[in-house]
DNA sequence: TATGCGTGGGA
DNA sequence: TTCCCAAGCAT
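Residue numbers (the UniProt record's numbering): 1 to 280.
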């Protein structure tokens, strides 16, 4: 894996030597369920505009939502802003280097906390995302899976990490990269795979996934309607009238439910006179 | 633990 | 075209 990474790693900006905890945190949150290619330009904008947590915390949460662009799941922008505020209030404006402290930040879960601890601070933590889980599952266990990582998965990965913390961190990103480029979900590149001689999944005849993720539809769902509304708020000026927003979707009941849920989430704010804004 | 939460590209 | 899915999190 280390050799594969040395030979084939993509030169991504959040992997440059000496990148701090804040840029790494931004990249990790953006990369949650979002492909690298789409994250890249938005990440560069963010780190240039908000080089420290204090810079982001000083601006309105709505600015973060606007700058989020079309990455999807805009609640992540809100949580990143809330994390910046928490960093200023509780951590002196600095991203902490322990998993426990990182877990206390909004939008930071079991994966992201360990990714930041390992990649930004060189800590020896098991970093098990969907790529690492797929590689671990296939190569080591000989089965395929589409489940999400559990504590047991992290324990198993931890047992496989090299003792040296810095090497362990590189191994984690190496396995991730291998899962993203070779051992992919849909069409794994077993031809020429460097670990094929040791791969339990290959030896077993590449059995299909045991548990399959439930397909999540999109057309006609609240997610689509919410996306339309936030998109209009993002593209619009200071505020948008409810009447204009209402033209975005034919079903008034569903539209109202979605606007209300966006208000609950803090992604939309009524100004009391029939107009809606992003949070200030 | 199952579900909801955006978006767009490729198979 | 339709389906799948891409460095998850919160509830």
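Glycine is no exception: its CB is placed at the ideal position from the N, C-alpha and C atoms.
Whole angstroms are fine: how far does the CA of residue j sit from the CA of residue i?
i           : j           : result
residue 263 : residue 29  : 22 Å
residue 232 : residue 86  : 29 Å
residue 133 : residue 148 : 8 Å
residue 169 : residue 260 : 43 Å
residue 152 : residue 126 : 11 Å
residue 106 : residue 79  : 5 Å
residue 16  : residue 123 : 17 Å
residue 154 : residue 83  : 24 Å
residue 269 : residue 280 : 9 Å
residue 214 : residue 64  : 31 Å
residue 7   : residue 175 : 13 Å
residue 157 : residue 135 : 11 Å
residue 306 : residue 171 : With the chain covering 1 to 280 only, the question about residue 306 has no answer from this structure.
residue 195 : residue 223 : 40 Å
Would you grab the beta carbon distance between residue i and residue j for me? Rounded to a whole angstrom, and I think it's under 8 Å.
i           : j           : result
residue 137 : residue 143 : 6 Å
residue 120 : residue 19  : 7 Å
residue 189 : residue 97  : At roughly 35 Å, the Cβ-Cβ gap does not stay under 8 Å, so residue 189 and residue 97 are not in contact.
residue 74  : residue 230 : 5 Å
residue 13  : residue 44  : 7 Å
residue 241 : residue 206 : The Cβ separation is near 55 Å, so there is no contact.
With DSSP as the reference, identify every bridge partner of residue i, one or two as the case may be.
i           : result
residue 277 : 269
>> Does the segment 58-77 come into contact with the segment 24-38, if we say contact requires no fewer than three beta-carbon pairs (one atom in each stretch) closer than 8 Å?
In response: Judged by Cβ distances under 8 Å, the segment 58-77 makes contact with the segment 24-38, as three or more pairs qualify.
> Can we say the segment 200-209 touches the segment 18-29, given the rule of at least three CB pairs closer than 8 Å?
Replying inline: no
>> So, does the segment 110-127 touch the segment 46-66, judging by three or more C-beta pairs under 8 Å?
In response: no
>> My parser needs the alpha helix (DSSP H) runs of 4 or more residues fully inside the UniProt domain "HhH-GPD" (30-181); what are they?
In response: Correct list: 36-49, 53-58, 61-67, 75-91, 99-103, 110-119, 130-135, 151-160 and 165-181.
> Mind pulling the alpha helix (DSSP H) runs of 4 or more residues that sit fully within the segment 201-258?
Replying inline: 222-235 and 242-246
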